[in-house]
Amino acid sequence: MKTGEQAVAGAVGSQKPMAISLRNLRVTYGKFEAVKGISLDIPQGEVFGFIGPNGAGKSSTFRVLATLQPKFLGQALVCGLDVLRQPQKVRDIMGFVPDFFGVYEDLTSLEYLHFFAAAYRIPMEKRKSTIDDVLTLTDMSHKAHSPVDGLSRGMKQRLALARVLLHDPKVLLLDEPSSGLDPRARIEMRELLKALREMGKTILISSHILSELSQLCTRIGIIELGKMVAQGSLEDIYRQLQVMRVVHIRVENASPELYERVKQIPGVHEVEQQVDRWAIRLQEHDASIADLHESLVAAKARLTMFQPEAMDMETAFMKLTEGKTV
Amino acid sequence: MILWRLIPELPLLKRELTELAARRRTYVVRTVGAVVILSLAVYFVGDALASFVGNAFPGERNTTLKLLGAGAIAFPRLVWLLFPAIQILMPSMTCGSITIEKERNTIGTLFVTRLSPMTIVLEKLGSRLIPMLSVLILTFPMLAFVYSLGGVDQTLLKATIWLVLWECLLYASIGLLCSAWYSTTVGAFVASYVLTGVLFTVTVILDFGIPTPFRLWVEYSRGMTMGGGRGGFLQTLATMGYPLWGVFLATIPVMLFVVCALLLTRFLLFRRAFVSQSSLLLKIFRRVDFFFHNLNQQAGGVIVFADRESFPESDPVAWREREKKSLGKARYLVRILMVLELPVLFICLWAAIDSSGLPTRGLSQLLLVIWSVVAMIVTMKASTLLSSERARETMEALLSTPMTGASILRQKIMGMHRLMMVLAAPLLSVHLTLILMYMNFSLSFTSGMLFQLFLLLMYGGISVLSTWMLMNTIAWVSVLCGARCTTQARSVMTAMVVVGSWICLSWTVFAIQRNPLVYDQYSGANLVGVYGRNYDPAEIGLAGRSFLRMLRIDGAIQANDELLTSITSAAFRTESGRYFREAVENPVSEILFSLLVVVWHVGLCWGVRWIALRRSSRLLGRNDENLSTEELFGAGLQTG
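Each protein sequence line maps, in turn, to chains X and P. With numbering that gives the first Met the number 0, letter number 65 in the first sequence gets 64, and the count goes up by one each step, no holes. With numbering that gives the first Met the number 0, letter number 118 in the second sequence gets 117, and the count goes up by one each step, no holes.
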């Protein structure tokens, strides 16, 4: 498993220009050390998922990158710009959606976007078209004249995304964008983020909904107690952690002999007999799903169901973290 | 052990005291409070002892013996300190006791427990009373020392303890009542101090004979030490030798008031538990708006300023404050202007047609009243400019934009300018009335009249400048105070305490030192802190007065008042009442000194603004590059 500097060295080795680069980042609040030496490199165009329990240091890291943390140790660069020395320039190329955010209750959606367009110094002649574009992209055009306070949480999240897209930033920092959303709004948000990924934006996203990150992110980092405990692609992390895939099968000719033969198949770690099926725990680095299917047929199993479970990110998360943070 | 078990568990009281003990602020406030109270106590007692030793036995050599009986003088002075301390501290300590539960949404949780409403009220009362008494206990060593000097009757000591306790209960019950009624701590804070002020005015200043513990103690101690006693019940007590039970009886009205206030608090606890939170100021102005809206309907519904969707061009923060907030919209402000201006114009008109000479002093006092209201509104509004963003969680989104911290602060204050203009209108109306009143229209068109006209125009110009600068100074000071606070209540309280303390600064410094500049050696009255020139004693030199006005946040207004009286000195000489100085010093030097004070205050305003902009990134809590000179001076000169 790659941790900290190893993973950073790997990413640097790819020679891609870095959108985000953290070196030995340390953030302290009084005597409490929230971030303890995180190093991270995110190449441009990548979607990086930041996972960790509450209080692990995710939001502190986001605040550093968003230029909202006046004091920290280490180095933080956004597109090569030093967060501490060139915060104004960083704000020009970065969009930040905090975990908790309010909206100005006295404005309509359109006024809200005009407010931030002026704050981002978008020229007057370009403002209307830019705002129309982001409203269309976030599917908020029909709510343009609605008071912001009356929007649903999902709509507010989309409006927040529209806000950070106004100045066409290269880097998006999204802290828990899906928290508190209903399933429909969550799916819509995921589709929107996919569209942004297609547009080539570099996205650093944190979430508690792990399955969501697995569908969206090119790489993930798992953080606990202010330390990065693992980072890399999902496949890498599963492989490194030896997370086993569960495959559910149903056979017509179930017998103790067949059960013994299945247990002997290379890569099979355990076979659990359930009421209507067998659950096979497969070590994927020894045998792939296709290999297992082939071996089962060779063992004369008459399959009526062959159902591999999706990658179990929760297991990875639980294995990597010790639940010391709340 | 059995007795210990008889004491009920009091979980709410325990929680409140534990919370209080866990806060660092508690210890800071107590330490500062202790230092202030003990310093004043040491000063008052020391002063009393010095005068006793100096006057009582002039030929005596043994100083220790000379001190015998000095407690009779030192004791009342020391106790005198306790009552104002209670009146100042108790409302602020109790006003948040119930509102804080409403603000945190924890009041519902309290209601579903087995605690009865009266238990909740009493435990809340106890949780505020205990810290107050712990502050008062700090003076006990001084009281013990004074008592040991002799001259203090035991009955007086017991009566004092009894009355101090009821003074605490009286103001605590007022604070609790406000806390039960209002939904926010800010509302309860303002209301409890307004009620305290009204009670103080009615009982102490206007002397309506209402037996508050303070009033009773003053009469009782005076009667015991000097003999006699004023009126009714206390007169009867005097004839009976001031028995302790008499004091108990005299406090019955206070006891009844406290009981009624607590019962009313209990009654309101449920009924006002879930009232919606809205700005007190906004609520008042909305009422005003509603009244004018109805009035406008009667007049045919003429719309001069209509609400419409508008967009910002370059300064979005200022745009939102101006166009989208109720206290910035022209429609609302015109109505507020009408409410403030009409009574002021009426009084000014009355003053102008009255020829007795009294109205000049009346207008001066009116200026003070309007200034108090204006200062309060500006302080409340400015102190919550940033904390409201934090409370509504809109701050981080704002800070992640490329606007600099200085620009955000500057725009926030710019957004208040409309409101400031409206608030300045009644003040300037008073100044204009004063100009017209002092203008001698009977003079022929000579160089003398031209000179007088020039001076009055200068007064008018400086009035506008000083009014504007003072409002800006208060606004910037309030922004500085409220910037780091996370709740609006805390930011308002902090700003009000700082602005109030600043206003009292010169009074405190000079009154304690008995500086001859400010102390009337003939009457013995303390003459600082009263507005305008009218109360200045002749003993205060021009330089001294100017120095005092440089110290005060509102000194420019006083200097302006001085300027008016100087340039119209002829008018004053004819009205040489006891409030006026008999001889006016050289008018030119008075004008120059007044100008110096005004210039100082312009500089002060600029300085406070510069500090706020310089520290903007720290106040807002983010990284900022070094500010450009234009950001600090240039742009601000035009707009901020």
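Don't be surprised by glycine CBs; every beta carbon is placed ideally from N, CA and C.
Would the C-beta of residue i count as close to the ligand FMN, meaning under 7 Å from any of its heavy atoms?
i	result
ILE248(X)	The ligand FMN is absent from the structure shown, which contains no ligands of any kind.
When you compare each of the options to residue i by their alpha carbons, which one comes out closest?
i	options	result
CYS216(X)	LYS35(X), ASP181(X), GLY231(X) and TYR103(X)	GLY231(X)
PRO42(X)	PRO16(X), ALA55(X), LEU24(X) and VAL34(X)	PRO16(X)
ARG271(P)	PHE546(P), MET549(P), CYS177(P) and LEU422(P)	CYS177(P)
ILE106(P)	LEU422(P), VAL151(P) and THR183(P)	THR183(P)
VAL102(X)	LEU150(X), TYR258(X), HIS144(X) and LEU80(X)	LEU150(X)
VAL274(P)	GLU102(P), LEU80(P) and THR195(P)	GLU102(P)
LEU164(P)	PHE291(P), ILE129(P) and ALA424(P)	ILE129(P)
LEU268(P)	LEU109(P), PRO10(P), MET413(P) and ILE556(P)	LEU109(P)
LYS35(X)	ASP91(X), GLY199(X) and MET227(X)	MET227(X)
ASP181(X)	ALA194(X), ALA159(X), VAL163(X) and MET154(X)	MET154(X)
ARG25(X)	GLN263(X), GLY225(X) and LYS299(X)	GLY225(X)
ALA118(X)	SER382(P), ARG483(P) and LEU397(P)	LEU397(P)
THR264(P)	PHE213(P), CYS94(P), THR378(P) and SER500(P)	CYS94(P)
SER615(P)	GLY499(P), PHE139(P) and ARG409(P)	ARG409(P)
If we ignore side chains and look at the alpha-carbon of each, how far apart do residue i and residue j end up?
i	j	result
VAL197(P)	ILE502(P)	20 Å
LYS157(P)	ALA40(P)	20 Å
GLY606(P)	GLN214(X)	56 Å
TRP216(P)	SER588(P)	47 Å
LEU516(P)	LYS123(P)	Bear in mind that the predicted position of LEU516(P) carries a pLDDT of just 38, short of 50, making it unreliable; the figure below should be weighed with that in mind. The alpha-carbon atoms of LEU516(P) and LYS123(P) are separated by roughly 46 Å.
PHE592(P)	THR472(P)	21 Å
GLY149(P)	ARG76(P)	15 Å
HIS600(P)	ILE369(P)	20 Å
TYR219(P)	SER371(P)	34 Å
ARG185(X)	PRO176(X)	9 Å
THR692(P)	LYS380(P)	Residue numbering for chain P in the displayed model covers 0 to 639; residue 692(P) lies beyond these limits and cannot be assessed.
PHE188(P)	GLU187(X)	46 Å
GLY460(P)	LEU595(P)	15 Å
LYS76(X)	LEU165(X)	Rather than Lys, the amino acid found at residue 76(X) in this sequence is Leu. Each residue's alpha carbon lies about 22 Å from the other.
VAL274(X)	SER287(X)	26 Å
GLN282(X)	ASP290(X)	11 Å
THR200(P)	LEU48(P)	31 Å
ASP314(P)	LEU173(X)	26 Å
SER406(P)	GLY220(X)	37 Å
ILE99(P)	ALA558(P)	42 Å
THR466(P)	PHE144(P)	49 Å
Is it buried or exposed for residue i, if we count other Cβ within 10 angstroms and need 16 for buried?
i	result
TYR111(X)	buried
TRP244(P)	exposed
SER133(P)	exposed
GLN297(P)	exposed
ALA84(P)	buried
LEU180(P)	Note that residue 180(P) is Trp in the sequence shown here, rather than Leu. Buried: at least 16 other Cβ atoms inside 10 Å.
VAL170(P)	Looking at the sequence provided, one finds Tyr at residue 170(P) rather than Val. Classification of TYR170(P): buried, given that the 10 Å Cβ count is 16 or more.
THR135(X)	exposed
THR66(X)	buried
PHE99(X)	exposed
Determine, for residue i, whether the minimum Cβ-Cβ distance to residues of chain B falls below 8 Å.
i	result
ASN293(P)	The structure shown has no chain B; the protein chains it does contain are X and P.
- Pull out every residue of the segment 336–350 of chain P whose Cβ sits closer than 8 Å to any Cβ of chain X, in chain order. none
- Let me know the alpha helix (DSSP H) ranges lying completely inside the segment 228–295 of chain X, each 4 residues or longer, listed in chain order. 233–240 and 255–262
Exercise for review: Please name the residues in the segment 19–38 of chain P whose beta-carbon is closer than 7 Å to at least one beta-carbon of chain X, in chain order.
Suggested key: Shown here is that no member of the segment 19–38 of chain P has a Cβ falling below 7 Å from a Cβ of chain X.
Name, going along the chain, the residues of the segment 164–180 of chain X whose beta-carbon falls closer than 9 Å to a beta-carbon of chain P. HIS166 and LEU172
**Q.** Uninterrupted alpha helix (DSSP H) stretches inside the segment 370–418 of chain P (no shorter than 4 residues)
**A.** 394–398 and 404–413
**Prompt:** Which runs of the beta strand (DSSP E), 3 residues or longer, sit entirely within the segment 140–191 of chain P?
**Reply:** Qualifying beta strand (DSSP E) stretches: none in this window.
Inset, instruction - Report the residues of the segment 220–231 of chain X with a CB closer than 8 Å to any CB of chain P, ordered along the chain. - result: Residues of the segment 220–231 of chain X that bring their beta carbon within less than 8 Å of a beta carbon in chain P are absent altogether.
Next on the checklist: Under 7 Å, CB to CB, which of the residues in the segment 86–101 of chain X have a partner in chain P?
Outcome noted: PRO86, GLN87, ARG90, ASP91, PHE95, PRO97, PHE99, PHE100 and GLY101
Check your understanding: Listed from N- to C-terminal order along the chain, which residues in the segment 311–328 of chain P have their beta-carbon within a distance smaller than 7 Å of any beta-carbon of chain X?
Key -> Among the residues of the segment 311–328 of chain P, those with a Cβ less than 7 Å away from any Cβ of chain X are PRO311, GLU312, SER313, PRO315, ARG319, LYS323 and LYS324, in the order of the chain.
| task | Identify each residue in the segment 83–106 of chain P for which the Cβ-Cβ distance to at least one residue of chain X is less than 8 Å, and report them in chain order. | result | none
query = What residues from the segment 603–620 of chain P come within 8 Å of chain X, judged by C-beta to C-beta, listed N to C?
reply = If the cut-off is 8 Å between Cβ atoms, the segment 603–620 of chain P has SER616, ARG617 and GLY620 near chain X.
inquiry  = Quick check for students: name the residue ranges of the alpha helix (DSSP H) that lie wholly in the segment 35–77 of chain X, counting only runs of 4 or more.
reply    = The qualifying runs are 57–64.
**OP:** Taking a Cβ distance cut-off of 7 Å, strictly less, list which residues of the segment 36–69 of chain X are near chain P, in chain order.
**Re:** Listed in sequence order: ALA65, THR66, LEU67 and PRO69.
### Query
Just by C-beta distance, which residues in the segment 478–492 of chain P are closer than 7 Å to chain X?
So the list is empty, because no residue satisfies the distance condition.
Contact list for the segment 377–406 of chain P against chain X, Cβ threshold 8 Å: Residues of the segment 377–406 of chain P with a C-beta atom less than 8 Å from some C-beta of chain X are ARG391, GLU392, THR393, GLU395, ALA396, LEU397, LEU398, SER399, THR400, PRO401, MET402 and THR403, listed in chain order.
Check: Along the chain, which unbroken stretches of the beta strand (DSSP E) at least 3 residues long are found entirely within the segment 586–628 of chain P?
Finding: Listed in chain order, nothing qualifies, since the segment 586–628 of chain P has no complete beta strand (DSSP E) run of 3 or more residues.
Open item on the list: My parser needs the alpha helix (DSSP H) runs of 4 or more residues fully inside the segment 116–143 of chain P; what are they?
Closed with: 116–136
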